[in-house]
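Some notes on the structure that comes next.
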Amino acid sequence: MSETQTAGAPPAQATYYLRAEGITKVYSDGTVALREADVELHSNEILGLLGENGAGKTTLTKILSGLLPPTEGRVVSPRGRIRFSSPREALDFGIGMVHQHFALVGPFTAAENVALSHDRPFTRTQLAKTTERLEALMEESGLHVPLDVPVEKLAVGEQQRVEILKVLSRNVDLLILDEPTSVLTPLEVDELFTLLRRLSDQGTSIILITHKLKEVQSVTDRVVVLRHGEMVGDVKTSETNTEQLAQLMVGQALDKDVRAVELSDKELPIKQIRDRAKREGPGVLHVEHLTARGNTGEITVNDLSFDVHGGEIFGVAGVEGNGQTELVESLTGLRVPTTGVATINGTNILGVSPRQIYRLGVAHIPEDRWQLGLVLPFTLAENAILGIHQWKEFKGPLSFLRWGRINAHVRELMDRFEIRATGPGAPAKSLSGGNQQKLIVGRELAKDPAIIVASQPTRGLDIGSAKYIRDLLEEMRDKGRAILLVSADLDEVLARADRIAIMYEGRFMKVCYPDELNREQIGLLMGGVSNEEAP
Amino acid sequence: MTETKRTLESRLLRGAHRTLTGLSPAFESILAAVVGLLIGAILMYIWGFDPWKAYIALFKGAYGGLYEISSSLSRATPLILTALTFSICLRSGMFNIGAEGQLFMGATASILVAYVVVPAPFGQILGLALAAVAGAAWSLVPAFLKLTRGVSEVISTIMFNWIARWLVLYLTIFLLRDPMRGEKTISIPVAARFPVMVPRTDLSYTIFVAVAFALVIYFILWHTTVGYEVRAAGLNPTAARYGGINNKRTMFLSFILGGVAAGLAGATITMGLPPTYAIYGGAAMPQLTNVGFDGMAVAMVGRNHPIGIIVAAIFFGGLNAGGRVMQFYGSNPVPLEIVRVVMGAIVLAMAIPELIRIFPAVKKQGRELTGLLRRLTRRAPKEGEA
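This is the structure we're talking about:
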């Protein structure tokens with residue numbers, strides 16, 4: 001590994017833009033997030049920061065941009081040592097960061113949001129100036145967003161563009177993007193990467209935080225790999241390959257299946273069909289002519305009919321925002337659909353409260369684990385009984401909670417689902433994303449459900465956790481449970497689902513077996529081009 | 001040298017920042033109390049009093065002996081209950097400002113015991129029950145408005161406080177008036193009063209009602225599914241809905257429980273506070289006024305936890321009791337109002353951990369200023385040389 005570490009050193013020593021020397025970061029709770037990291041950033045370079053969840057990527061960028069003081073080591077620029085006390089100071093210096101969770105004011109327009117990061121944002125002249133500048137910037141960068149619409153009405157991809165514009169409008173020299181592609185459609189990802197290339201050619205230094213190897217390969221010039229807070233590699237992208245990077249990142253030989261899903265640029269191993277005969281007739285979940293409206297009243301689920309059978313994973317693929325959220329909410333009691341029929345083993349589930357639906361044996365792994373899946377200030381134990389707190393097992397006389405049994409149950413979950421935490425009393429917000437998701441999955445599977453509705457179950461998770469959760473779903477499938485897997489990750493659906501439906505604007509473009517279509521055809525369907533229209 | 005000094009300074013600042021933001025809730029409250037007392041001391045000093053003597057008088061008056069402790073506990077009793085009203089609703093995600101009005105209604109309802117003749121334990125029970133029902137009923141309307149029409153509970157409860165106040169005034173003057181003495185209502189009969197616990201003080205057994213209710217609330221919130229649902233809905237309504245919890249039910253429930261607490265607070269005043277055992281004083285109604293609002297301060301200092309509330313209520317009760325002594329303290333008669341100032345300052349000081357967040361901004365301004373000064377002073381000799 002030592003020979004790869006020196007590969008990134010540029011010929012001219014003084015041309016660096018920022019340099020981190022011997023950075024160690026220990027958080028106040030004793031977690032060592034980074035150990036002796038050395039990184040150099042250059043203009044005209046896109047640096048990929050690769051690592052699993054909790055590897056220290058975000059900590060490193062926060063230290064680089066001066067938002068977090070390192071415990072040891074220092075960050076220097078050619079102008080001297082840097083230290084900021086606020087994001088605005090970092091912006092003034094020329095460092096801008098686009099976070100994974102956007103920092104936008106929902107009811108404000110794009111222009112107003114951008115103006116917020118300027119001095120005296122809301123004087124009329126300043127706002128007009130910002131708008132003018134934004135229009136020029138959009139022309140220049142090719143990033144187009146409507147400026148006079150409240151950003152909460154924009155699609156996620158557009159919101160991200162507003163975030164990028166916000167940073168660009170401050171003339172940054174260093175642009176840091178934290179997992180920018182996790183919310184984008186494939187087309188938007190391509191657009192983003194083209195933009196990053198152009199910005200880099202214009203002299204901007206860019207850090208791209210990601211755990212997707214394909215992205216690293218397609219856009220970066222250099223890769224820094226972190227594992228458990230340690231820098232395990234600093235290599236030129238052209239001198240490495242995905243397999244090597246994956247090994248650096250995970251630190252162990254990868255499971256073949258994961259490698260196939262995560263690494264292959266070529267054709268994916270499409271799921272072999274086991275037995276088709278079983279999936280005829282009405283399923284565990286039966287949906288007929290389901291129509292539902294979104295939050296703003298438009299029809300988002302349009303006349304859907306399908307069945308999910310026991311012992312199958314029914315995958316719903318598609319670009320996010322095509323009605324998947326509303327479909328899942330309708331089936332789990334969180335949204336009242338306008339028309340249609342949906343039953344579980346013959347019992348109606350439409351317009352019924354979530355509690356009654358759970359009683360029918362439904363487990364729901366929600367797409368938004370912070371808003372929906374967990375009560376973050378609650379402890380692990382309190383979260384582990386959310387939705388099942390009425391169980392006889394946990395509820396004594398006078399509806400007293402049996403904390404002894406609950407804690408025992410939680411310890412069992414922690415054991416069985418490899419949830420790493422200090423104990424049942426740890427607050428859920430102190431857990432890493434992967435462990436939070438394992439907690440949710442564990443809680444839901446503990447219900448011993450007849451059907452599992454899993455919505456984006458592996459979004460934002462590292463390879464290990466994602467594989468683990470996918471395996472769990474397959475295990476439940478093999479036990480004869482019905483699984484509705486809604487995912488924007490096409491690879492996940494293709495590799496794990498027994499049948500797939502491609503959703504576009506509230507309709508299923510096609511429901512078929514994974515081996516009936518190739519990726520190109522699926523891509524077209526996801527974009528709304530049906531096979532009849534396709535050439 | 002300046003380098004080391006600056007790093008020391010910044011380290012101290014950062015240390016203070018970390019300490020203050022990472023404080024345990026209990027310690028935060030104690031710190032706030034200390035800051036409140038300090039502000040009071042500064043004010044006394046400005047007005048020419050001796051803060052040290054005054055505080056000695058205050059604390060002697062509050063906890064200096066059996067009589068003093070009894071007075072403090074007696075004043076803490078209704079505060080525990082009204083603080084619970086605020087806290088229960090806050091735990092379920094609502095700002096219930098209505099303890100004051102619910103307390104008025106509870107106090108008035110408990111007076112009705114005077115019109116029936118019942119033997120000893122049943123009079124007390126009946127009075128508490130009437131008060132609890134009246135307090136709960138008074139919180140029903142804001143609850144219904146909130147749940148059916150989405151009316152903000154802050155506004156509706158404040159308005160209901162005023163309605164209660166004037167309604168109670170009408171009732172005490174025209175219906176419940178003592179035929180012998182027009183300035184007060186009819187008194188609770190001796191058989192229905194809570195006996196005085198410590199002779200020659202105004203501490204009665206009602207303190208047990210308050211503490212017991214606080215413990216009940218503690219068990220409900222942390223050890224029953226109902227309380228679990230209330231807390232989940234308060235912290236994250238979306239996740240609660242996902243978890244099959246009916247948010248309207250938890251809101252309704254916490255409103256009712258809060259109303260019961262405030263109603264009981266009213267009863268502890270009429271049934272357990274010598275010497276009047278009645279509502280008196282015309283429109284001023286000095287026993288009842290502000291007990292509901294003070295409860296909110298107690299709830300904040302007690303961190304909305306029933307046990308914390310008991311401690312905070314005893315502290316606030318002590319301030320009230322000791323304040324009376326302080327104003328009569330020989331050469332150093334500090335007016336009672338300064339105690340209210342201290343209370344206000346404590347509530348403000350509760351926000352200190354938040355205030356700490358602006359420290360870096362202050363530091364930055366300071367750094368810019370010193371930088372500017374340094375540049376100016378450096379330029380001056382250069383001009384001299386030229």
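Chains as they are written, first to last, in the working numbering: chain X, 1 to 535; chain G, 1 to 386. C-beta: ideal position from N, C-alpha, C; glycine also.
| Item | Value |
| --- | --- |
| CB contact below 9 Å: residue 409 (chain X) versus chain G | no |
| Endpoints, the alpha helix (DSSP H) within which residue 229 (chain G) is located | 225-235 |
| Any C-beta of chain G under 9 Å from that of residue 142 (chain X) | no |
| Simplified DSSP state of residue 268 (chain X), which is helix, strand or coil | Confidence is the limiting factor: at residue 268 (chain X) the pLDDT is only 44, short of 50, which leaves the residue's position unreliable and the question unanswerable from this model. |
| CA-to-CA distance, residue 309 (chain G) to residue 79 (chain G), given in whole angstroms | 9 Å |
| Length of the line joining the Cα atoms of residue 386 (chain X) and residue 375 (chain X) | 9 Å |
| The region 232-240 of chain X touching the region 70-80 of chain X, judged by at least three CB pairs closer than 8 Å | no |
| For residue 414 (chain X), the first and last residue of its enclosing alpha helix (DSSP H) | 403-416 |
| Burial state of residue 116 (chain G) (16 or more Cβ within 10 Å) | exposed |
| Cutoff 9 Å: residue 241 (chain G) Cβ touching any chain X Cβ | yes |
| Reference residue 303 (chain X); option with closest CA among X:220, X:72, X:508, X:364 | X:508 |
| Contacts around residue 341 (chain X), its chain only, beta-carbon distance under 8 Å, and the 5 residues preceding and following it disregarded | 286, 287, 288, 289, 290, 348, 350 |
| Beta-carbon separation (whole angstroms), residue 92 (chain G) vs residue 298 (chain G), contact threshold 8 Å | So it is not a contact: roughly 19 Å between Cβ atoms. |
| CB contact below 9 Å: residue 387 (chain X) versus chain G | yes |
| Element boundaries [alpha helix (DSSP H), containing residue 343 (chain G)] | 337-349 |
| Under 9 Å by beta carbon: chain G residues contacting residue 355 (chain X) | 243, 244, 245, 246 |
| Residues from the region 476-490 of chain X in contact with chain G, defined by Cβ distance under 8 Å | none |
| Cut-off 6 Å between Cβ atoms - residues of its own chain near residue 261 (chain X), not counting five sequence neighbours on either side | At residue 261 (chain X), the pLDDT of 44 sits below 50, so the modelled position is not reliable; the number obtained from the coordinates is stated separately. Here the set comprises 491, 495. |
| C-beta contact flag for residue 156 (chain G) and residue 141 (chain G) at 9 Å | yes |
| Inter-stretch contact at 8 Å, needing at least 3 Cβ pairs: the region 343-352 of chain G / the region 292-306 of chain G | yes |
| Start-to-end residues for the beta strand (DSSP E) that takes in residue 302 (chain X) | 299-308 |
| Selected residue, minimal CA-CA separation from residue 131 (chain G), among G:314, G:313, G:266 | G:266 |
| Meets three-Cβ-pair contact criterion under 8 Å: the region 213-231 of chain G and the region 391-400 of chain X | yes |
| Proximal residues of chain G, C-beta to C-beta of residue 358 (chain X) below 8 Å | 244 |
| Under 9 Å between C-beta atoms of residue 272 (chain G) and residue 136 (chain G) | no |
| Nearest-angstrom Cα separation, counted from residue 498 (chain X) out to residue 46 (chain X) | 39 Å |
| Extent of the continuous alpha helix (DSSP H) to which residue 34 (chain G) belongs | 25-46 |
| Secondary structure of residue 314 (chain X), DSSP reduced to three states | strand |
| Short CB-CB distance (under 9 Å) between residue 378 (chain X) and chain G | yes |
| Inter-residue spacing [alpha-carbon to alpha-carbon] between residue 355 (chain X) and residue 33 (chain X) | 40 Å |
| Rounded straight-line distance, which links the Cα of residue 364 (chain X) to that of residue 332 (chain X) | 7 Å |
| Cβ neighbours of residue 461 (chain X) in the same chain (closer than 8 Å, five flanking residues each side left out) | 53, 433, 434, 437, 469 |
| Closer than 8 Å: residue 66 (chain G) CB and nearest the ligand NAD heavy atom | Of ligands this structure carries none, so the ligand NAD is not represented either. |
| From G:373, G:282, G:45, residue whose alpha carbon lies closest to that of residue 173 (chain G) | G:282 |
| Extent of the continuous beta strand (DSSP E) run through residue 40 (chain X) | 32-42 |
| Residue 139 (chain G), enclosing beta strand (DSSP E) - first and last residue | Segment 120-144 is the alpha helix (DSSP H) holding residue 139 (chain G); no beta strand (DSSP E) there. |
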